[in-house]
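Presented below is the structure to which this report refers.
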Amino acid sequence: MAQVPTGTTFFIASAFAAAKPVTIATNATEAVITAVGHGYANGDIVEITSGWGRINRRDFRIKGITTDTFVLEGQDTTNTTFFPAGTGGGSVRKISTFTQITTVMSPSSSGGDPKTVNYKYLESDVEFSINDGFGATSYNMNLDADSIGSPGYTALKSLTEVQTDTCLKMVTRSGSIILQPCTVALNEAVKLTDGQINQVSVAFNGNNRLTRYAA
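Using my numbering, you'd call the opening residue of the sequence shown number 1310 and step up by one each time.
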C-alpha cells in the first residue's frame, strides 16, 4: 500500500559495541556470518566490514542467532563473482544505541541514480551506453534551530566533528525500516527566513547502498 512521509521517525547510530572478528561469511540466499561468541540477539542492527565490497560498511538486521553465527537478513551472497568464496571475512560491530533526531523538516534524498558510459564505434552512426554502477546516495534535512542541546542534535554535532562511519535509520509509520550507512555533516549556521522558524541543516553522506526491510 502507498505511504506518505508523515509519521516517519529518524534515528542516528550514536554508539557501537566493540568490533568482533568475522572468520567466515557463507555464500547463501541469506549470508551466514561466523563471529565466535558474538553475544548478539535476533533483531539487532550491525555494521559489517568485509572483503566483499558489496556488503562492506553496510548495515543489516540479523536473525537466526546461534552462539557463534548469525544471518544477515535479506542479503543474498550466492553469486561467487560478486562474493568470491572464502574472502568475505572482516569484522562486525553492533549498533548499541540509536538516538532519535527530532524536529525534522523537509527531508530529501539525492543520488543513487544509475551511472552510464556512452561510446560509439567509428563504423557506426549510433551511440551505445552501458551501466557503470550507481551514484552515491545522500539524505538531507532541516531541523528546528532551537533543538540545540537535544540528544539527537548533540549526537549529530559529535559525529560531524569526528567524521566516523555511522548509520541513519528511518522508520516509516507502517513500521518499514531503511538503514543508510553514512557520515554526518551538521551545518549549524542558522537559516533566518522571514515568516519561517529558524532552521539548521544536516547532510548524511552515503558510504554504500542502503538496506530496506518491510514492516
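For every residue, glycine included, the Cβ atom is placed at its ideal position computed from N, Cα and C.
Since the structure is predicted, the reported quantities are computational estimates derived from the model, not experimental observations.
Could you say which of the options lies nearest to residue i if we only look at CA atoms?
i       : options                               : result
Gly1393 : Asn1440, Ala1340 and Thr1406          : A small fix is needed here, since residue 1393 is Pro in this sequence, not Gly. Of the candidates Asn1440, Ala1340 and Thr1406, the one whose C-alpha sits nearest the C-alpha of Pro1393 is Ala1340.
Glu1436 : Gly1373, Thr1425 and Ala1523          : Thr1425
Asp1385 : Trp1361, Ser1433 and Thr1475          : Trp1361
Val1511 : Arg1363, Ile1364 and Thr1469          : Thr1469
Lys1372 : Ala1327, Arg1366, Thr1343 and Thr1358 : Thr1343
Phe1325 : Thr1338, Arg1366 and Ile1404          : Ile1404
Ala1328 : Asn1365, Val1380, Leu1488 and Arg1402 : Arg1402
Phe1513 : Gly1316, Met1310, Ala1454 and Ala1464 : Ala1464
On the three-state DSSP scale, how would you describe residue i?
i       : result
Asp1422 : coil
Ala1524 : coil
Ser1456 : helix
Ser1485 : coil
Ala1311 : coil
Gln1505 : coil
Ile1410 : strand
Thr1519 : This sequence places Leu at residue 1519; Thr is not what is there. Coil.
Glu1382 : coil
Gly1346 : coil
Gly1397 : coil
Determine the extent of the alpha helix (DSSP H) in which residue i is found, giving its start and end residues.
i       : result
Tyr1462 : Pro1460 to Val1471
Would you kindly check if the distance between the Cβ of residue j and the Cβ of residue i is under 8 angstroms?
i       : j       : result
Thr1481 : Gln1312 : yes
Ser1415 : Asn1451 : yes
Gly1398 : Gly1421 : no
Thr1446 : Ser1400 : no
Ser1459 : Ala1524 : no
Leu1381 : Phe1391 : no
Ile1321 : Val1509 : no
Measuring straight from C-alpha to C-alpha, what distance separates residue i and residue j?
i       : j       : result
Gly1383 : Asn1336 : 13 angstroms
Ile1486 : Lys1478 : 7 angstroms
Asn1388 : Tyr1522 : 21 angstroms
Thr1376 : Gly1346 : 6 angstroms
Thr1396 : Pro1490 : 22 angstroms
Tyr1525 : Pro1314 : Not covered by the structure: residue 1525. The range shown for the chain is 1310 to 1524.
Tyr1349 : Thr1338 : 21 angstroms
In the DSSP assignment, find the beta strand (DSSP E) that holds residue i and state where it starts and stops.
i       : result
Glu1356 : Ile1354 to Ser1359
Gly1515 : Gln1508 to Gly1515
Asp1368 : Arg1367 to Lys1372
Thr1343 : Val1341 to Thr1343
Lys1429 : Lys1429 -> no beta strand (DSSP E), and no H or E assigned at all.
Ile1321 : Thr1318 to Phe1325
Val1480 : Thr1475 to Val1480
Asp1377 : Unbroken run through Asp1377: none, as it is neither H nor E.
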